[in-house]
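K.L.:
Chains as they are written, first to last, in this note's numbering: chain A, 4 to 393; chain B, 12 to 585.
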């Protein structure tokens with residue numbers, strides 16, 4: 004039984020079984036994707052350089068980075084929509100791009116589903132024609148085309164719109180059509196290029212669950228490109244965080260990235276953050292400050308040798324209380340419904356603190372001008388802070 | 012997507028093996044078409060002007076340049092186009108503002124009337140004004156002399172001023188259309204915020220509205236300038252009898268008088284070079300003058316702008332506008348049909364002198380007139396079909412494939428737009444009458460080649476515009492769905508630009524139906540076009556029959572225009 008958020012949608016459609024697809028003889032047996040030292044240049048400008056990546060079969064993998072950082076270029080290189088100047092792309096056990104082997108498989112022979120940022124639903128074809136197009140190009144029998152297209156449409160809950168033209172659909176519906184079309188195009192590997200960023204917040208939330216659900220049910224390999232950390236955290240098995248020069252900073256499971264970022268860039272990119280410069284002196288830490296000396300009552304980290312280091316912590320990891328060693332003054336209190344957000348002045352620095360409303364009420368609400376003590380958990384230290392452009 | 016596909020030939024490109032890819036085929040064909048139709052004639056002109064029997068020879072060009080007649084023609088060309096551009100811009104601007112920003116009534120009617128000059132071939136308009144204002148025989152002049160009792164005509168149309176007047180009537184809509192669409196697109200809050208900031212009405216017009224529409228004025232004025240510099244029909248009809256020549260009519264006269272001898276064609280070619288130089292210099296000067304600011308804030312959907320109340324001026328302005336439009340648009344149209352119905356030229360315009368025999372004659376009895384209609388249809392349809400497909404293909408290469416060196420394709424495609432028709436005709440004669448081993452002179456094919464070259468820019472522009480609407484990802488999506496490049500073109504791109512292609516067809520079909528300039532130099536005994544036939548019947552003095560055939564031509568063009576509007580309106584919904 005295919006269950007979607009408590010709704011039983013009937014038996015899972017046959018065509019979603021990947022094995023039946025490999026019988027078409029066009030599929031790659033495993034949809035594992037490897038990029039080895041890929042370099043892509045557009046008109047002499049380098050988009051990605053010496054880029055390597057390994058995405059496992061059946062994984063939902065997200066490329067997360069600011070725009071533009073070459074993440075779309077990675078997708079296009081996998082799909083065969085750009086010709087890399089160097090390197091190789093391997094899907095399953097097939098080399099689809101190989102500079103040395105002199106191989107370039109054109110996009111139509113790669114058997115990949117792609118959902119484009121602007122959906123790219125063909126405006127002159129009905130929903131059904133859009134979705135059946137990949138099957139038609141495979142010269143499948145008519146009734147097979149019909150059943151498979153119907154199944155895919157049912158899967159994205161668009162079956163009743165089969166005869167509509169795209170201009171009669173909302174953005175979210177067009178996005179589902181694009182998704183259905185990519186599902187029909189490939190049961191092995193789907194590439195999604197920020198397909199949710201044009202949708203409104205509610206729809207975005209809904210669709211990201213649906214994509215995740217589809218992926219879990221069908222076992223398709225998904226490579227998802229986005230600059231939106233919320234989506235990345237929700238749908239990914241693994242995330243690669245890229246910087247604006249197109250390099251990968253860290254790859255890992257969402258929790259690992261959030262709790263163990265390798266550098267301040269990754270730390271700042273995922274979630275909200277506070278950075279306070281602190282100085283080491285006689286084995287103790289002090290908040291970097293020209294006037295009075297403020298003690299930072301935590302253990303100095305091992306290994307960082309520079310004089311000034313940065314203490315990083317999440318706004319939600321700060322507890323405010325009446326007494327404690329580290330004192331600050333509340334400058335603003337913002338009520339966000341489920342969250343109380345405080346701005347606390349610590350020496351020359353403003354610190355962001357978030358308590359969920361329930362905890363905040365238990366701990367007592369602070370008012371503007373109050374003196375409070377800060378208790379910080381999950382502190383990390385970095386020797387520099389890098390800007391994040393997005 | 013294909014930047015690297017067609018760009019540098021690297022190893023990866025060769026990986027696809029012996030299979031030639033679709034992009035390269037399209038690029039090659041496009042280049043060949045443009046070189047044959049556009050580049051060759053231009054090269055042949057320059058070669059024949061400056062080289063004689065393979066050696067450099069500048070004497071011909073120098074002697075042509077120092078001939079006082081030619082200099083007078085050049086001076087006339089410059090004078091006429093200066094006045095036409097200057098006055099046309101003022102008239103066009105005034106009406107654009109009146110319709111776009113004032114509360115004058117009957118806007119719909121006026122807009123319709125403004126579209127008429129577009130359909131009205133200018134040389135036919137010149138014929139009409141000749142009928143009305145020729146010094147002795149013009150109907151208005153005769154009426155004026157009858158009323159005043161004197162024998163001084165009111166106005167002599169066979170003069171520089173007359174030529175300026177007729178061209179002005181025909182060309183002011185260029186500025187009108189550019190500026191009124193800019194006014195429609197302009198965000199009215201720009202003007203409203205100026206009012207709120209304390210500026211009065213006149214200050215807003217001067218300081219806000221005018222500067223913002225300067226680019227539109229410049230574009231419209233440039234169209235007028237290019238068109239009037241290279242214009243042939245009006246000065247040919249009105250100027251010859253008084254020995255008033257412009258460069259285009261002088262080129263025609265030189266070739267015509269020498270009965271197509273090589274020397275005459277070389278002289279014509281020399282003047283052609285001079286004419287192109289004048290056009291280029293005029294464009295450069297005009298761009299210098301109007302360089303002031305290029306704004307890009309004219310944007311946004313059409314909103315309801317604040318309309319200026321004309322109050323007491325409303326009625327007088329309305330009367331003036333309607334009279335002006337009736338005078339420049341309706342009157343010539345009426346006179347063509349009225350004279351076309353006369354039993355003989357010179358009879359008063361009374362109902363008892365009217366007959367339909369002239370129409371019968373040109374449609375059924377005169378072989379020459381009938382052939383000309385057939386030829387025009389054949390040439391217009393075939394050149395429109397060829398140019399539409401070729402232009403779409405070239406636009407696809409330029410817009411979507413973006414190969415290295417697409418700039419050359421763009422320049423070659425747009426070049427004929429600013430090259431006078433008469434110059435193109437000279438180039439086509441030099442290229443296709445045996446010099447390169449192919450002789451098409453006196454056949455219909457030489458006219459076809461000239462039309463294709465002349466209208467390629469139209470097709471290229473409209474196809475580029477519709478291709479730019481088709482986002483690259485649509486074709487990429489079909490590639491990833493398993494369609495080859497060629498299949499994607501057929502399944503996705505072509506269906507999406509089909510409406511644009513249909514509109515492009517008519518954009519070529521209509522002007523080639525009324526074409527005169529190039530056909531007049533290229534026609535042979537059996538390949539007269541409608542324009543040529545009307546012109547020659549008129550020159551022979553058979554005014555009533557010329558008018559009847561002109562009436563037929565106008566009806567065909569109006570029918571085509573209505574069809575075009577119907578088709579483009581149909582597509583707007585989807």
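In this text, a Cβ means the ideal position worked out from N, Cα and C, and glycines have one as well.
1. Closer than 6 Å by C-beta to residue 179 of chain A: which residues in its own chain qualify, once you throw out the five before and the five after it? Chain order, please.
2. What three-state label does DSSP hand residue 100 of chain A in the structure shown?
3. Considering only the alpha carbon of each residue, which of B/433, B/548, B/521, B/53 lies closest to residue 240 of chain B?
4. Going along chain A, which residues have a C-beta under 7 Å from residue 488 of chain B?
5. At a Cβ threshold of 8 Å, is residue 271 of chain A touching chain B?
6. Please state the DSSP three-state secondary structure of residue 383 of chain A.
7. What does a CB cutoff of less than 8 Å around residue 476 of chain B pick up in its chain, not counting 5 residues either side in sequence?
8. With a cut-off of 8 Å, does the C-beta of residue 110 of chain A fall near any C-beta of chain B?
9. From which residue to which residue does the beta strand (DSSP E) around residue 280 of chain A run?
10. To the nearest angstrom, how far is it from the Cα of residue 38 of chain A to the Cα of residue 350 of chain A?
11. Please list, in chain order, all residues of the same chain as residue 18 of chain A whose beta carbon is under 6 Å from its beta carbon, the five residues on each side excluded.
12. Can you name, in chain order, every residue of its own chain whose Cβ lies under 6 Å from the Cβ of residue 234 of chain B, other than the five neighbours on each side?
13. Please report whether the beta-carbon of residue 48 of chain A lies at a distance below 8 Å from any beta-carbon of chain B.
14. Do we get a CB-CB distance below 8 Å when we pair residue 149 of chain A with the residues of chain B?
15. Residues of chain A with CB closer than 8 Å to the CB of residue 506 of chain B, please, in chain order.
16. Using a Cβ-Cβ distance under 8 Å, would residue 82 of chain A count as near chain B?
17. Which whole-angstrom value describes the C-beta separation of residue 282 of chain B and residue 81 of chain B, a residue pair presumed to lie in contact below a C-beta threshold of 8 Å?
18. In the DSSP output, which residue or residues are listed as bridge partners for residue 253 of chain A?
19. Do residue 331 of chain B and residue 430 of chain B come within 8 Å of each other at the CB atom, strictly closer than that value?
20. Residues of chain B with CB under 8 Å from residue 169 of chain A, in chain order?
21. Where residue 41 of chain A and residue 107 of chain A are concerned, what is the direct C-alpha to C-alpha distance, given to the nearest angstrom?
22. For the pair the stretch 93–113 of chain A and the stretch 163–182 of chain A, tell me if three or more CB-CB distances fall below 8 Å.
23. Residue 51 of chain A to residue 250 of chain A, Cα distance in whole Å?
24. So the candidates are A/324, A/328, A/193; which of them puts its Cα closest to the Cα of residue 368 of chain A?
25. Would DSSP call residue 532 of chain B helix, strand or coil?
26. Pick out the complete beta strand (DSSP E) segments inside the stretch 92–162 of chain A, 3 residues or longer, and give them in chain order.
27. Going along chain B in order, which residues have a C-beta closer than 8 Å to the C-beta of residue 71 of chain A?
28. So is residue 86 of chain A buried or exposed if we call it buried at 16+ other beta carbons inside 10 Å?
29. Within 8 Å of any Cβ in chain B, is that where the Cβ of residue 166 of chain A sits?
30. By the 8 Å beta-carbon criterion, what residues does the stretch 468–494 of chain B contribute toward chain A?
31. I want to verify the contact list: residues of chain B whose CB lies under 8 Å from the CB of residue 188 of chain A, in sequence order.
32. Applying the criterion that 16 or more other CB atoms from any shown protein chain within 10 Å of the CB defines a buried residue, is residue 89 of chain A buried or exposed?
33. Mind checking if residue 198 of chain A is an interface residue toward chain B, Cβ cutoff 8 Å exclusive?
34. Closest to residue 318 of chain A by CA distance: which of A/358, A/293, A/306 is it?
35. Using 8 Å as the limit for Cβ to Cβ distance, is residue 184 of chain A near chain B?
36. Would you mind giving the Cβ-Cβ distance between residue 389 of chain A and residue 261 of chain A, rounded to the nearest angstrom? I have them listed as a contact below 8 Å.
P.N.:
With the structure as the only source:
1. 159, 161
2. strand
3. B/433
4. 117, 119, 123
5. no
6. strand
7. 511
8. yes
9. Residues 277–284.
10. Distance between the alpha carbons of residue 38 of chain A and residue 350 of chain A is about 48 Å.
11. With a pLDDT of only 42 at residue 18 of chain A, under the threshold of 50, the placement of this residue in the model should not be trusted; the figure read from the coordinates follows. Here the set comprises 151, 154.
12. 185
13. False, the Cβ-Cβ gap to chain B never drops below 8 Å.
14. no
15. 127
16. It does; some Cβ of chain B falls within 8 Å.
17. For residue 282 of chain B against residue 81 of chain B, the beta-carbon gap comes to about 6 Å, under 8 Å, which counts as contact.
18. A/244
19. Between residue 430 of chain B and residue 331 of chain B, the CB-CB gap reaches or exceeds 8 Å.
20. The contacting residues do not exist; residue 169 of chain A stays about 10 Å from chain B at best.
21. 13 Å
22. no
23. Cα atoms of residue 51 of chain A and residue 250 of chain A: separation of roughly 8 Å, rounded to the nearest angstrom.
24. A/324
25. Reduced to three states, the DSSP call for residue 532 of chain B is helix.
26. 97–101, 116–118
27. Within chain B, not a single residue places a beta-carbon under 8 Å from that of residue 71 of chain A; the smallest gap is close to 16 Å.
28. buried
29. Between residue 166 of chain A and chain B, the shortest Cβ-Cβ separation is not below 8 Å.
30. 482, 484, 485, 487, 488, 489, 490, 491, 492, 493, 494
31. 491, 492, 493
32. Burial call: buried.
33. no
34. A/358
35. Closer than 8 Å to some Cβ of chain B, the Cβ of residue 184 of chain A qualifies, so yes.
36. The Cβ separation is near 17 Å, so there is no contact.
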